Amino acid sequence: MRNKVYKNTLENEYSKSSSLEHRRSLGQFFTPYQVAKFMAEWILRHPKKQMTILDPATGFGIFERALTKLKGKKKLSFDLWEIDNDIANKLKFITKELDLDSYIIQKDFLKNGWNKKFDGIIANPPYFKHHFINQKEKVYQEICLRTYFKFSIQTNVYCWFLIKSINLLADGGRLAFIVPSEFLNANYGEKIKDYLKQVGIVLHLISIDFKKNVFDNALTTSIIILAEKNNKKHNYINFYSVHNLTELKSLKTFLEKHSKKTYKITELDFKIKWRNYFNGNGDKKLPSSVVPVSVLGKFSRGIATGANDYFTLSKSEVAEYKLSTKYLVPCITKTIHAKDISFDQEKFEELKESNKKVYLFNGESANDSYGARYIDKGKHQGVHHRYLTRNRKPWYALEKRPVAQIWVNVFGRSGLKFIWNTSHCVNLTCFHAFYPSDIGKNYLDIFFLYLHSKVAKELFDREKREYGNGLGKFEPNDLNKSMMVDFHLLENQDRSILSKLQRDFLQSHKERRSMILEKADKILENLLK
Ligand SMILES: C[S@@+](CC[C@H](N)C(=O)[O-])C[C@H]1O[C@@H](n2cnc3c(N)ncnc32)[C@H](O)[C@@H]1O
13 MRNKVYKNTL
23 ENEYSKSSSL
33 EHRRSLGQFF
43 TPYQVAKFMA
53 EWILRHPKKQ
63 MTILDPATGF
73 GIFERALTKL
83 KGKKKLSFDL
93 WEIDNDIANK
103 LKFITKELDL
113 DSYIIQKDFL
123 KNGWNKKFDG
133 IIANPPYFKH
143 HFINQKEKVY
153 QEICLRTYFK
163 FSIQTNVYCW
173 FLIKSINLLA
183 DGGRLAFIVP
193 SEFLNANYGE
203 KIKDYLKQVG
213 IVLHLISIDF
223 KKNVFDNALT
233 TSIIILAEKN
243 NKKHNYINFY
253 SVHNLTELKS
263 LKTFLEKHSK
273 KTYKITELDF
283 KIKWRNYFNG
293 NGDKKLPSSV
303 VPVSVLGKFS
313 RGIATGANDY
323 FTLSKSEVAE
333 YKLSTKYLVP
343 CITKTIHAKD
353 ISFDQEKFEE
363 LKESNKKVYL
373 FNGESANDSY
383 GARYIDKGKH
393 QGVHHRYLTR
403 NRKPWYALEK
413 RPVAQIWVNV
423 FGRSGLKFIW
433 NTSHCVNLTC
443 FHAFYPSDIG
453 KNYLDIFFLY
463 LHSKVAKELF
473 DREKREYGNG
483 LGKFEPNDLN
493 KSMMVDFHLL
503 ENQDRSILSK
513 LQRDFLQSHK
523 ERRSMILEKA
533 DKILENLLK
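Under this note's numbering, the first residue of the sequence shown is numbered 13, with each subsequent residue one higher.
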């Protein structure tokens, strides 16, 4: 047993033998031992010789194992919450083997126990969306009442663990949490950030973006939160970024040597994405001349069919079912089908001839017997019971979205990818579409060029959501909210130059494009001065 305790063997064995579905339903993703040790060091900096410790989501007790290894002469007594019976039973065995002074509570942490206070609280809480929280309304009401603070009901479960734990910290107590970074950038997170500012106990926020995932199967970047409850509130927070597990070898060295950005709490704006404070963008104030992208139009999500396999068809499938082009809409279904910066009718024909799925079945206009038969086929396959289709009337109705001239790839490693579309294709959810306002219609060409510029990249980056493995994601509203240069400030001549550059840009080979963008950037940067 002892040789398994100071690494992740117990967790790995469990992950292999239990279903991913079960683990997801209880947010069972485990902390690497080295990270647990790093966090345990923070807790043990408490001067008390005898400490009470809370772990509200214990799993196999990785933190308790690390604390026990490092505790020296300190005496620790643990309150350990674990809702999963199988895990709790193993935990009993582990704590006995290690001779821990512990009390295991086999209940839901969010529904019980508000009275006891702790000198140390350490956790990797479960992560899942608010829809899946058991008695979500009750949990939400209780936390708001106990904290005298109005959070968002859409808060992810891990934030409830954090907020409740903060309220169970004794004076002088220390808290170490590892959580997904989502709350720093998500809408519900504004309230959480506001609350963290107000309680004034957080000292260090460490953003982890390892090349390998910290939580085996959960695609997410994480934040370590280190907090300390003194009689005076802290008036600053340190922001750190780490990309490699070895950087977390020793807390002492880390806090002394690792580069950081320090912000006064009063300077932190809970309404902006806090990722900007880690990369230093929080310092950069935007010039007053910028305007929101939404002035020029709106990015919207592409068409969600709810069953692409059924609703999209290749040329041979169209022939097989004898469907008429009268009720087939040309469409783009995958980002790899539009590889370059432009997509036209010719490229559509190529996809069609190579038998890719390029037609969307519009059942509402299908007024011949073949169309009716295809609808029957869908019913026979149970397509009408799918999550999206069962709420539509009729189930085969399509979302109405016009063809857009600008598409953007929503999920990518190399940043946003914009495509100039002159085909008749509508886009499915693989792309967001841009629909210009009346003002935007006048600038659509140079807007497309702008979207590729360095200036745009920097401004968009402020709104990016980050996932693990370097994946960035933008929801349509992140793009709409992003700031951009104000084209009204362009002199006529610069306006004409940009239009010409845009035409060249579309016709040039990759090598020449960067030269064109450099020229465009010079003009665009002037608008920011
Ligand atoms: C993310 S895992 C972390 C486990 C361990 N502390 C670690 O870091 O490796 C969260 C654990 O909390 C448990 N859990 C989930 N919901 C819970 C709840 N409402 N109350 C108590 N425990 C819960 C899960 O079964 C899981 O073992």
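We put the beta carbon where it would ideally sit given N, CA and C, even for glycine. For clarity, every value in this text was computed on a predicted model and none was experimentally measured.
Please go through the same chain and pick out, in chain order, the residues whose beta-carbon is closer than 6 Å to the beta-carbon of residue i, but skip the five residues on each side of it.
i      : result
GLY452 : LEU308, GLY309
THR317 : PHE323
GLN118 : ALA100
ASN481 : Any reading at ASN481 is ruled out, since the residue's pLDDT is 45, under 50, leaving its predicted position unreliable.
VAL303 : ASP498
Any chance the CB of residue i is under 7 Å from a heavy atom of ligand 1?
i      : result
LEU112 : no
PHE138 : The sequence as given places Pro at residue 138; Phe does not occur at that position. Answer for PRO138: yes, Cβ within range of ligand 1.
PRO68  : yes
PHE121 : yes
THR274 : no
PHE50  : no
PHE459 : no
HIS40  : Checking the sequence shown, residue 40 turns out to be Gln, not His. Yes, Cβ of GLN40 sits closer than 7 Å to a heavy atom of ligand 1.
ILE74  : yes
GLU332 : no
GLY71  : yes
TRP93  : yes
GLU23  : yes
ASP96  : yes
THR43  : yes
ILE99  : yes
Which one or two residues does DSSP pair with residue i in a beta bridge?
i      : result
GLN393 : The partner list for GLN393 (beta bridge, DSSP) is empty, contrary to what the question assumes.
GLU240 : ARG186
LEU461 : Answer is none; LEU461 lacks a bridge partner.
TRP93  : ILE117
MET496 : VAL303
ARG313 : HIS444
TYR399 : Beta-bridge pairing links TYR399 to no other residue.
ASP67  : LEU92
LYS203 : LYS203 is not bridged to any residue.
TRP432 : SER354, ILE418
ALA135 : PHE189
PHE251 : LEU217, LYS273
THR324 : LEU372
For residue i, which option in the options has the closest C-alpha, if you only look at C-alpha atoms?
i      : options                        : result
CYS437 : CYS171, MET495, VAL370         : VAL370
LEU38  : PHE140, ALA182, PHE446         : PHE140
GLY184 : LYS162, ILE133, GLU149         : ILE133
LEU298 : GLN153, LYS541, ARG36          : LYS541
ILE99  : PHE90, LYS87, THR70, VAL169    : THR70
LEU196 : PHE222, SER177, ASN168         : ASN168
ASP131 : LEU56, GLY125, LYS81           : LEU56
SER177 : ASP67, GLU154, LYS19, ILE535   : ASP67
GLN166 : ASN320, ILE145, ARG158, ALA182 : ILE145
TYR115 : LYS128, GLY125, LEU92          : LEU92
THR64  : LYS83, PHE72, LYS272, ASN504   : LYS83
LEU258 : ASN199, LEU501, LYS205, LYS49  : According to the sequence displayed, residue 258 carries Thr and not Leu. Measuring from the Cα of THR258, the nearest candidate turns out to be LYS49.
PHE161 : SER193, LYS205, SER377         : LYS205
HIS500 : PRO44, ILE284, ASN538, LYS81   : ASN538
PHE222 : VAL214, LYS241, THR233, HIS216 : THR233
LEU267 : HIS216, TYR275, LEU280, GLU279 : HIS216
HIS270 : LEU260, LYS276, ILE277         : LEU260
Note down, in chain order, each residue of its chain lying with its Cβ closer than 7 Å to the Cβ of residue i, except the 5 sequence neighbours on either side.
i      : result
ILE218 : ILE235, ILE236, TYR252, VAL254
VAL305 : LEU491, ASN492, SER494, MET496
GLU362 : none
PHE460 : ILE418, PHE430, TRP432, GLN514
GLU33  : none
ASN229 : Unreliable positioning characterises ASN229 in this predicted model, as indicated by a pLDDT of 48, which lies under 50. A coordinate reading is not provided.
LYS272 : ASN250, PHE251, TYR252
ARG524 : none
Tell me which residues share the same chain as residue i and place their Cβ nearer than 8 Å to its Cβ, disregarding the 5 neighbours each side in the sequence.
i      : result
LYS405 : none
HIS444 : PHE311, SER312, ARG313, GLY314, TRP419, VAL420, VAL422, PHE486, PRO488, LEU491
SER465 : LEU529, ALA532, ASP533, LEU536
VAL151 : LEU122, LYS123, ILE145, TRP172
ASN179 : TRP126, ARG158, THR159
LYS264 : GLU53
At least one CB of chain B closer than 8 Å to the CB of residue i: is that the case?
i     : result
THR80 : No chain B is present in this structure, which holds just one protein chain.
Is it true that the region 240-247 meets the region 195-214, where meeting means three or more beta-carbon pairs spaced less than 8 Å apart?
-> The region 240-247 and the region 195-214 touch, with no fewer than 3 CB-CB distances between them shorter than 8 Å.
Within the chosen definition, does the region 401-418 reach the region 328-338 through at least 3 CB pairs nearer than 8 Å?
-> The region 401-418, when compared against the region 328-338, does not touch it at the 8 Å Cβ threshold.
Give a yes or no on contact between the region 338-352 and the region 438-451, applying the rule of three or more CB pairs nearer than 8 Å.
-> With the rule of 3 Cβ pairs closer than 8 Å, the region 338-352 counts as touching the region 438-451.
Using 8 Å as the Cβ pair cut-off and three pairs as the minimum, do the region 21-30 and the region 71-83 touch?
-> Judged by pairs of C-beta atoms under 8 Å, the region 21-30 touches the region 71-83, as three or more such pairs exist.
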